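Structure, as structure tokens:
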Amino acid sequence: MEEKPKEPETPMTSFASINEDLILNILKRLPALSFASAACVSKSWNQICNQILYRPKFASAFSLNPDEKVALEEVVDKVLSEPIRPHFAIANVIGSGVDLSERLNFLATKLGFQTPIIVSCTSGIMGRDAVTDEHREVMLEEYWVDGESNPCIGIILTVGFLPGLKVDAIPLFQPRKGCRAEMVDNFVMDIKDYATSISGCASPVGIIMFGDEDADQKPVMEKLDHAMSSDTIIIGDERAQFLYRNGVESRNEYESSEYFSAAVALVFARDQDKPCDTGEIQFHAALSSGVSAVGPRYKAVSVKKIVSGTGRTTWLTARREGEHEIQDGQRILDDINNELVNQVGHPDLYIGVTEQRHCFIGSHKSRAMTFLVFHGVMGGDQEYLFADGVGIRTGDYFQFYHSDPSAALSSSSNVSKNFRNLNLDWSSRNCLQARGVYDNVCNKELVGGFVFSCCGRGESFFERCNVDSSPFLDNFPGFPMAGIFLSRGDWTWLFSF
């Protein structure tokens, strides 16, 4: 019997390749939760998922839905609508006195109980609407009616995936009574120890901090400034109501009725064990000022620290630089107000105090450092000038500053120019490498940006909308960004890949 000739076998490589491409095309369209499940199906699917998520990713959305649960679901659904593995999350709620615990627990169930999460109250938010995708800056003052407002009128959620970095939320615990300096040292050492364990370097890449509204963050920032490398970017909200999760029980051992969370730091450390083909993530920061100097310099003469149930204030007298006569608070303010006679409206007043201090951590050698610290001016009388906060000493020099929309616009324009130059530099390097011309610098791609802006800014301050967002939006259109308006401070932060 004649043997039937065998048909030539069809190579399986082509089919396998098509099949893999088809799977990849399907998986990259999945929402994050389904994507995470797909990565557990098999080793090959896990490898495909890793191919899809090999670059950093930044996702953010806000909702103004009056139903708090619906608003939370809308922002979660939006940021998880595409593949992402949350390495950290920040949620900011517009309002004050808001119960944050339910939001924190809900986010933990959706993002993972080991994911570092910080939830805080804020005076406003900026970003894209989860439903309409419209970019907006929304301030708390827009929702006040007849002196009353809902306790919560909006939420923004930001989630980041940063391969090559590891992230953790490290708390600062302080005793409700007694000395707190030692706990600040422990907090700084916790950050350094974590960074060293991850990267081999005591200074992390970046730190985002949220401070308790009743705690003094000035000593904390001085210690961090002393202990960290100048390359470490530190930004955040000095006074906020917040809650956090970090999944590390040992970090929460002080949580009790005797201690409270005075601050929490979201620490970004470079992973020394990252795969060799994983790119380097860089953080870039730009500062936009909103004040102008006015009047002469003064030297503090008599200084009193007042601590009460309503806060911390400093009462002081001073003399003009180069003069001997001691001036009381009312006379100083009269002189400054005469300088501001042509100013429109009633600008906020601050004093910028130049402080020269010796800083140290534990038993380590101290180092002389100089700080410029701003304190809000609360008023004055026939005896003292009243300044918000403490830490001013006899002999410190200070100058008055006032809120200035023109100066703020000019400063914002300078930030925009810096971002433009950064963008052009990245584009030129990427074009050179696309043509095969290499300059030993890897091509760079933007991931996203986060803005911290003073609550006194916004449309009412500039008489135009989206000014605080514009440096980022104008130079990096289409890239995700988020931001909040806070009680004080003004930073813009972005990072690149």
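Going by full-length UniProt numbering, the sequence shown opens with residue 1, and the numbers climb by one from there.
A virtual CB, placed ideally from N, CA and C, is assigned to each residue, including glycine.
Keep in mind that this is a model prediction, so the values were computed, not measured.
Rounded to whole angstroms, the Cβ separation of D129 and F58 is 17 Å, and the two are not in contact under 8 Å. With fewer than 16 neighbouring CB atoms inside 10 Å of its own CB, G309 falls in the exposed class. Listed in chain order, the non-local C-beta contacts of A407 below 6 Å within the same chain comprise S292, local neighbours out to five positions each way being set aside.
Ranked by how close their Cα comes to the Cα of L372, the residues S302, F419, Q282, M221 have M221 in first place. D271 places its beta carbon less than 7 Å from that of K166.
Counting other Cβ atoms within 10 Å of its Cβ, H324 stays below 16 and is therefore classed as exposed. By the criterion of a C-beta distance shorter than 8 Å, R393 is surrounded in its chain by A300, V303, E355, once the five residues flanking it on both sides are discounted. The shortest C-alpha to C-alpha distance from E339 to any of G329, G376, M369, G295 is the one to G295. By the Cβ neighbour-count rule, I156 is buried, with 16 or more other Cβ atoms within 10 Å of its own. Straight across, the Cα-Cα distance linking I170 with R357 is about 26 Å.
Rounded to the nearest angstrom, the Cβ distance from I118 to I90 is 5 Å, consistent with a contact under 8 Å. In this chain, P116 is not harboured by any beta strand (DSSP E), its DSSP state being neither H nor E.
Nearest to P347 by C-alpha distance, out of D396, M369, S403, is S403. Around the Cβ of L424, a 10 Å sphere holds fewer than 16 other Cβ atoms; the residue is exposed.
When T314, F268, A39 are compared, the shortest CA-CA separation from I23 is found for A39. The segment 129-138 makes contact with the segment 465-477: 3 or more CB pairs, one atom from each, lie closer than 8 Å. Distance from I198 to I234 at the Cβ level is roughly 17 Å; contact not present, criterion being Cβ atoms closer than 8 Å. Taking C-alpha positions only, H226 is separated from D193 by approximately 16 Å. One Cα belongs to S37, the other to I26, and the distance between them is close to 13 Å. The C-beta separation of Q241 from S96 comes to about 7 Å, placing the pair in contact by the 8 Å criterion. If you draw a 10 Å sphere on the C-beta of Y54, you find fewer than 16 other C-beta atoms in it, and that means exposed. Check the Cα spacing between G164 and each of D277, G391, L316: the tightest is with D277. Of the candidates V307, L287, S363, R312, L287 places its Cα closest to the Cα of S413.
Between T313 and F400, the CB-CB gap reaches or exceeds 7 Å.
Y259 is a Cβ neighbour of F173, given a cutoff of 7 Å. Residues F268, R270, F283 of the same chain have their beta carbon placed closer than 6 Å to that of V205, with the five preceding and five following residues left out of the count.
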